[in-house]
Every structure is written in C-alpha cells, then in structure tokens.
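Mapping the sequence shown onto this note's numbering, position 70 (from 1) lands on 516, and the numbers just tick up by one.
Heads up, the thing below is written out as structure tokens.
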Amino acid sequence: MTDPLFVWDDSLLIGIDELDFEHKVLIDDINRLHEALAQHKDRARVLGDIYARMQAHFALEEHVMREHKYELFDEHKVEHEALLDSYAEYMVQFLNDKDDSNSKPIEDVLERWVIGHIIGSDKKMSLMTKDS
Ligand SMILES: [Fe+2]
Ligand SMILES: [Fe+2]
C-alpha cells in the first residue's frame, strides 16, 4: 500500500452536506489514483475516471449555485473550467509520455484543486445557504 496523497480532515468541510460528501469521495478517488500511478496499474482508466468524476462534481456544484442565485457563480465556474482543462492537459501529456515515471505534475494539479479550490472557493459557497 502506498501512503495516501491526501488525508481528509474536517478543515475541508464547507457546510453543505451533499458537496462535503462528494469531496470526501473525490479525495478517496485521488488516493486510489495515487496508488495506481505508483503501482503502474490501470493508470489510464483511473485518470479518466477522475476526470469524469470531477466533471460530474462541478456540474452538481454549479446546479446548487444556480439554485441559490449565487453571486460568485461566474468566477467559480471559470475556476472549474480551468481546473478541468489543466487536469486534461496533464493527463494527455502523462499518457503520451514514454517515460511516465514522473506522476508528480498531475498530482500537483489535483493538490491545487483539493487544497486551493475547496478551501479558497467552495468554502465561500456556504455563505449563500445562510441567507436563503
Ligand atoms: Fe467542490
Ligand atoms: Fe467548486
């Protein structure tokens, strides 16, 4: 067993149950990816699964934001798109690279997302549920 890339901790909670649940699942997925990358097993499939899961998660968040007429919707959506684009770019690069021993860049993108986006942007969404 490889050590997990991320360990869930409650400082990542944003206070919206369905999204907190999904964030936990996503962190499990990312740890599964980390393990697959380390063991050179099922890498393409797991990388693709994460992309699909991120897309579905962002779609759910955007749905929740629209329902609440969230004022930061546009900038939040732009961040989602940028994250998906950079992840896809690194994924393609990684899968096309004959020397695929370095999985750090793709894990760094995910780290920026997990730490940066959940804490920096998703957390702000809890404000929208307070005044509605
Ligand atoms: Fe999120
Ligand atoms: Fe988000």
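In this text, a Cβ means the ideal position worked out from N, Cα and C, and glycines have one as well.
These numbers were taken from a predicted model, which means no experiment stands behind them.
Straight through space, the alpha carbons of Glu481 and Asp474 are spaced by roughly 11 angstroms. If one requires a minimum length of 4 residues, the alpha helix (DSSP H) runs lying completely within the segment 506 to 573 are 519 to 542 and 550 to 557, in chain order.
With a threshold of 16 other beta carbon atoms within 10 Å, Arg512 falls short and is exposed. Around Leu493, the same chain offers Met537 as residues with beta carbons nearer than 6 angstroms, after the five sequence neighbours per side are excluded. In the DSSP assignment, Ile476 falls within the alpha helix (DSSP H) that extends over Asp463 to Gln485. Under the 8 angstroms Cβ criterion, the segment 457 to 472 counts as touching the segment 500 to 514, having at least three qualifying pairs. Taken through DSSP and simplified to helix, strand or coil, Leu451 comes out as coil.
For Asp546, the CB contacts under 7 angstroms within the same chain, skipping 5 residues up- and downstream, are Phe540 in chain order. Residues lining ligand 2 by the Cβ criterion, that is a Cβ closer than 5 angstroms to any of its heavy atoms, are Glu507 and Asp568 in chain order.
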